[in-house]
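Report on the structure given below.
Residue numbers (my numbering): 26 to 783.
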């Protein structure tokens, strides 16, 4: 937080203060739009706008002004030198040259009472500079309006107590739908990306589009679909809590959307989910949908073999597939002993009603540091007066993104839950756009437990090294010493996480694909991260095409990079399971490989439930050119007019087209003679995680220097597709319609900046 901005509201929305706008324009005019975070710069300017510069030092012994709350002078931040670079198990990694780390936790910052009550930074992006700017403007507008109404998480200044800042709502039972609230029109007009939005009008238009679609399909709609459609199109009524809908997230649509500060705010609806029986064909084909009764303990239902589901949305058509809400993933909060989570952005107020109170339950949050204070916070650990401890990942420079989305939840029952997702910890990602989440639970090992598998050992080793690199162990050490529940931390997380071996990892069947920001020198180091890790895993698992086959791949993402034929082909070759060393002396690439880009067109966004204003997290940038247009295919949700934030890479092994004269034809029905193929149980594979389709996420290989450069932190899972069910399974797992339609000559991709105001 800015000391010069104590007691101030967020920066004014453009148009509210012309003099401030003019000053910002003069500052921004010479800045590079590709590398400048305008929202962060705007907040920095506002922090000192017509105020005296802050006095004093930011060192561990700095004194606050006399009129500040004495109790808050005890709040501290743990400052740790950024030297831990994958030390345990990755000691050869030479990403950065840094001094040795001081084990003593130093007091470096003190927080004022006003800073405690101010809303924490809310950011969400996949293209770091652009998406953050767009959402920050929306959040500034919404927060400014909500301050006037004094929401439940914004007490008056004289009501703040350091021990009770940001009160948490305790859930004592499984999630249920809350009763209808009076529609709130506060802050119904806001700005996103420079455009003025009337949220009430936006919702009216969405309902009108939905009504038109319902009327057109009324004659063919199913008996199950009719009441759901009717309930969405009628005047919102108070939903009842029956406990029958396990995917319900315990919040009315009105409450969640208003809390997000963007989009429709006057609709109350529960997630459109239709319960399906375990006998349905789609459930039997999905590799990570478990049928039959699932085990439960005091914390809730759990998944020992892993469960992969899409988000339980509040818009779109009903689905027969099981879905996840965030409260369902978190479980019963009173049963949580420790939580470690990572996200690119989080909505603190919304999350406070889902997570346990950090004053009661030790909580570690890995999140991006404030970019305006890059040198101060980069790679550091900071304790919060509200109880959490933040770990700020060590970034290569100011352009990267700490983009991982995962959680480790330790329950009092002894169970450990690991969640890996494409969704940030904001309501928008769980209610309005497609996201996908993988959850697997692990029980303590018993003498009769199977021996750990190679996949299980690899899974633990990568997380252990990641936690040490992020200094999670430093955060836990602080919590153990300072938190009132610190003495009750799980013993498995002590030291360098050696105790994680006490869990039963024998059922792990996925492989982790991880990107860590930095320079990774040498092929052995490069093999651990990014696209070279992808190639190594595919090779090690035997997920490669057989004789007579080629890999046909497609990447669904919400943000795209800038592609050249060299990088694109290198990525594709690694997707075929080739060792990076085999690509050193490759011939010059002349053609683009069969790797499709799945991305929404302008027409798709315009026809979606939320229209153009719902496309604020989709960025094409410079990916669409005359050379790449043939690679673009439509991203169309199976749930109707819903846009997608899921990042998914699907590879299937297809017959190589045969050439007869000047005509190329495929083998009939996609089948090949037995003599053309080697025995292989695999027909393809799927990756799902936080990686978007960009060099920042996957890395760029410098073959001359044997160096992989990665700018982002990313995390996902990869699993195989059996040969006899590869296509069918890919169709079921993907949230979008397959096969995806190729762009026509008139189609153009949606882009937030090019299309929003057109």
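Glycine included, each C-beta is placed from N, C-alpha and C at the ideal position.
Item: Proximal residues to residue 649 (C-beta, below 6 Å), its chain only, five neighbours per side dropped; Value: 774
Item: Neighbourhood of residue 597 by C-beta, 6 Å cutoff - its chain only, sequence neighbours within 5 removed; Value: 618 and 620
Item: Terminal residues of the beta strand (DSSP E) in which residue 16 lies; Value: Residue 16 lies beyond the stretch modelled for the chain, which goes from 26 to 783, so this question has no answer here.
Item: Segment contact flag, the region 471-480 with the region 399-409, C-beta cutoff 8 Å, min 3 pairs; Value: no
Item: Whole-angstrom C-beta distance between residue 342 and residue 664, which should lie under 8 Å; Value: 5 Å
Item: Spatially closest choice to residue 395 from 416, 632 and 332, by CA coordinates; Value: 416
Item: At least three beta-carbon pairs within less than 8 Å, the region 317-337 to the region 438-456; Value: yes
Item: Same chain, Cβ closer than 8 Å to residue 531, five either side skipped, listed in chain order; Value: 474, 475, 476, 477, 478 and 481
Item: DSSP bridge partner residues for residue 714 (one or two, in chain order); Value: 672 and 741
Item: Spatial distance of residue 644 from residue 73 (CA atoms); Value: 32 Å
Item: Cβ contact (3+ pairs, closer than 8 Å) linking the region 748-755 and the region 550-565; Value: no
Item: Every unbroken beta strand (DSSP E) within the region 456-506, with a cutoff of 3 residues, ordered by chain; Value: 461-467
Item: Of the listed residues 365, 363, 331 and 651, nearest to residue 349 (C-alpha basis); Value: 331
Item: Residue 348 in three-state terms, based on DSSP; Value: strand
Item: The region 605-617 touching the region 667-676, judged by at least three CB pairs closer than 8 Å; Value: no
Item: Contact set for residue 36: own chain, Cβ-Cβ below 7 Å, skip 5 residues either direction; Value: 67, 68, 71 and 165
Item: Backbone secondary structure at residue 516 - three-state DSSP; Value: helix
Item: Contact under 9 Å by Cβ, residue 539 with residue 723; Value: no
Item: contact_flag[the region 354-364, the region 418-434] where n(CB pairs < 8 Å) is 3 or more; Value: yes
Item: Where the beta strand (DSSP E) containing residue 727 begins and where it ends; Value: 725-727
Item: Proximity to residue 790 [Cα-Cα], best of 600, 488, 459 and 591; Value: Past the boundaries of the shown model lies residue 790; the chain is included only from 26 to 783, so the question cannot be answered.
Item: Pairwise C-alpha distance: residue 709 and residue 827; Value: Nothing about residue 827 can be reported from this structure: the residues present for the chain run from 26 to 783 only.
Item: Segment limits, beta strand (DSSP E) that includes residue 431; Value: 431-436
Item: For residue 511, three-class secondary structure by DSSP; Value: helix
Item: Those residues which DSSP pairs with residue 416 across a bridge; Value: 391 and 406
Item: Contact check, residue 541 vs residue 735, beta carbons under 9 Å; Value: yes
Item: Contact belief for residue 713 with residue 742 at Cβ below 8 Å, rounded distance in angstroms; Value: 6 Å
Item: Cβ neighbours of residue 369 in the same chain (closer than 6 Å, five flanking residues each side left out); Value: 428 and 449
Item: Residues that residue 735 bridges to, as DSSP identifies them; Value: 543
Item: Assigned secondary structure, residue 254 (DSSP; H/G/I helix, E/B strand, else coil); Value: In this predicted model, residue 254 has a pLDDT of only 28, less than 50, meaning its place in the structure is not dependable; the value taken from the coordinates is given anyway. The answer is helix: DSSP assigns residue 254 an H, G or I state.
Item: CA-to-CA distance, residue 515 to residue 423, given in whole angstroms; Value: 35 Å
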